[in-house]
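Numbering (my numbering), first residue to last: 466 to 912.
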């Protein structure tokens, strides 16, 4: 067997261990939940400290990037599933998309490793510098090119657990810095008094996360008039959703679930998901359509129905499309439109094409079978769905972004509609649920 000291001397050992560090950290996230994987950050700190002396900056970037490849490769592999919905035309792109996503996001970790080495911290202060560098670059990952803050290290803790409650105080980015500092501390435990002090502070910090969380989860909650909600999930497979022959069947699935009898009084809100019906909202809700009548018949007077779908505006030859949520109130005889929310943060390469003119010119747009995409809606703002009820809508991956929706004390609930059927039975939808739930913790508002 090769001893640890000899392993570290092998030319390939540093890159291999960096990759393993990233994989371990990714395994700590739900749905895996292997929390000892957080020690991957301690391993990464050690690897950055022992970067090849002949070229320490290049080595630090390389090791940080490889750790990121492992972390984001395991954390975002599920995006390949979306290309398998239309496997005949797009299936070949799945491995390239997964590899490009992991490699691109890993650049932020490579830069964090480089920043850490440039700072050249000494002693146990290395832990705080490491945590600061990576937390800062994670913030950048959540903002650059519209951002993609998927699986922030601070969101490793299962939403609703005791440590996750600290997000109400410091937000997901603040909890990222704290988590990184705690997880990286074992890397310096051998370094005399300073190392032991760093490890003791990490233990106190970890105890503080659990202690505050236990208190927060059992503190009295302000009682408000209850809101009753019916969430309708029709379980439509993505590859069947755009089959015109199945439109009536899909509509019937939603309306039958919506109209099911209630044990008590009818609910205040009925919520359908993003892209519930495979047609333009303008068309199927036009006055006199059989679809509008079917929806009307499924909702009871006084109820408000929230539907996710796409709509268009502008001239018929140059329409502008939006990914939207609409609120409809059932009156005695009709459906009344009471609010519209248009998605503000669009998915790059999914809902819009960055640098569209250039990529269209080189043929990427037609090769990837990308349409014209959606227009960007205004920054998220609360929506009054009843005279007494204000909610904050978010559509799909908008729920990943801390602070995207401005704070409003009158908002009674966050409502996140999504169509995660694109990603099948993978870790993606499960992680999305965990990440979206952090917005509820940060705002102290139900989601």
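Backbone N, C-alpha and C fix where the C-beta goes; we use that ideal spot for every residue, glycine too. Computed from a predicted structure; not experimentally measured.
Check whether residue i and residue j have beta carbons under 8 Å apart
{"i": "residue 412", "j": "residue 525", "result": "No statement about residue 412 is possible, as the shown extent of the chain runs from 466 to 912 and does not include it."}
{"i": "residue 439", "j": "residue 789", "result": "Past the edges of the chain, shown from 466 to 912, lies residue 439, and the structure says nothing about it."}
{"i": "residue 692", "j": "residue 733", "result": "yes"}
{"i": "residue 580", "j": "residue 605", "result": "no"}
{"i": "residue 892", "j": "residue 625", "result": "no"}
{"i": "residue 855", "j": "residue 877", "result": "yes"}
{"i": "residue 795", "j": "residue 766", "result": "yes"}
{"i": "residue 507", "j": "residue 648", "result": "yes"}
{"i": "residue 800", "j": "residue 841", "result": "no"}
{"i": "residue 916", "j": "residue 736", "result": "Only positions 466 to 912 of the chain appear in this structure, which leaves residue 916 out of reach."}
{"i": "residue 610", "j": "residue 574", "result": "no"}
{"i": "residue 489", "j": "residue 505", "result": "yes"}
{"i": "residue 537", "j": "residue 566", "result": "yes"}
{"i": "residue 532", "j": "residue 569", "result": "no"}
{"i": "residue 769", "j": "residue 793", "result": "yes"}
{"i": "residue 493", "j": "residue 503", "result": "yes"}
{"i": "residue 495", "j": "residue 582", "result": "no"}
{"i": "residue 745", "j": "residue 712", "result": "no"}
Rounded C-alpha distance that separates residue i from residue j
{"i": "residue 619", "j": "residue 748", "result": "43 Å"}
{"i": "residue 862", "j": "residue 883", "result": "8 Å"}
{"i": "residue 592", "j": "residue 905", "result": "30 Å"}
{"i": "residue 690", "j": "residue 516", "result": "59 Å"}
{"i": "residue 560", "j": "residue 608", "result": "25 Å"}
{"i": "residue 839", "j": "residue 816", "result": "6 Å"}
{"i": "residue 726", "j": "residue 543", "result": "37 Å"}
{"i": "residue 808", "j": "residue 589", "result": "45 Å"}
{"i": "residue 895", "j": "residue 519", "result": "44 Å"}
{"i": "residue 622", "j": "residue 911", "result": "18 Å"}
{"i": "residue 697", "j": "residue 739", "result": "11 Å"}
{"i": "residue 762", "j": "residue 853", "result": "24 Å"}
{"i": "residue 562", "j": "residue 657", "result": "46 Å"}
{"i": "residue 899", "j": "residue 498", "result": "11 Å"}
{"i": "residue 572", "j": "residue 760", "result": "48 Å"}
{"i": "residue 500", "j": "residue 640", "result": "15 Å"}
{"i": "residue 756", "j": "residue 780", "result": "24 Å"}
{"i": "residue 791", "j": "residue 742", "result": "13 Å"}
{"i": "residue 694", "j": "residue 850", "result": "13 Å"}
{"i": "residue 729", "j": "residue 491", "result": "44 Å"}
{"i": "residue 660", "j": "residue 587", "result": "11 Å"}
{"i": "residue 655", "j": "residue 890", "result": "44 Å"}
{"i": "residue 546", "j": "residue 556", "result": "9 Å"}
Segment limits, alpha helix (DSSP H) that includes residue i
{"i": "residue 506", "result": "505 to 514"}
{"i": "residue 769", "result": "Where residue 769 is concerned, there is no enclosing alpha helix (DSSP H), although the beta strand (DSSP E) it sits in stretches over 769 to 778."}
{"i": "residue 714", "result": "712 to 723"}
{"i": "residue 536", "result": "521 to 541"}
{"i": "residue 644", "result": "632 to 649"}
{"i": "residue 594", "result": "590 to 606"}
{"i": "residue 482", "result": "478 to 492"}
{"i": "residue 875", "result": "Per DSSP, residue 875 belongs to no alpha helix (DSSP H) and is neither H nor E."}
{"i": "residue 756", "result": "755 to 763"}
{"i": "residue 680", "result": "657 to 683"}
{"i": "residue 903", "result": "892 to 908"}
{"i": "residue 582", "result": "559 to 584"}
{"i": "residue 554", "result": "552 to 555"}
{"i": "residue 548", "result": "545 to 548"}
{"i": "residue 703", "result": "703 to 706"}
Residue i, enclosing beta strand (DSSP E) - first and last residue
{"i": "residue 735", "result": "734 to 736"}
{"i": "residue 785", "result": "785 to 795"}
{"i": "residue 880", "result": "878 to 882"}
{"i": "residue 742", "result": "Counting along the chain, residue 742 falls outside any beta strand (DSSP E), and DSSP gives it neither H nor E."}
{"i": "residue 859", "result": "854 to 860"}
{"i": "residue 695", "result": "694 to 696"}
{"i": "residue 805", "result": "800 to 807"}
{"i": "residue 850", "result": "848 to 851"}
Cβ of residue i within 8 Å of any chain C Cβ
{"i": "residue 517", "result": "The structure shown contains no chain C, having only a single protein chain."}
(message) Measuring CB atoms only, is the segment 715 to 728 touching the segment 676 to 683, in the sense that at least three cross pairs come out at less than 8 Å?
(response) No: the two stretches stay apart, fewer than three of their Cβ pairs being nearer than 8 Å.
(message) Quick test of the definition: if touching needs 3 or more C-beta pairs under 8 Å, does the segment 863 to 872 touch the segment 613 to 631?
(response) Judged by Cβ distances under 8 Å, the segment 863 to 872 makes contact with the segment 613 to 631, as three or more pairs qualify.
(request) Would you be able to state if there are at least three C-beta pairs under 8 Å between the segment 697 to 704 and the segment 654 to 674? (result) Touching, no, given that fewer than three Cβ pairs across the two stretches are closer than 8 Å.
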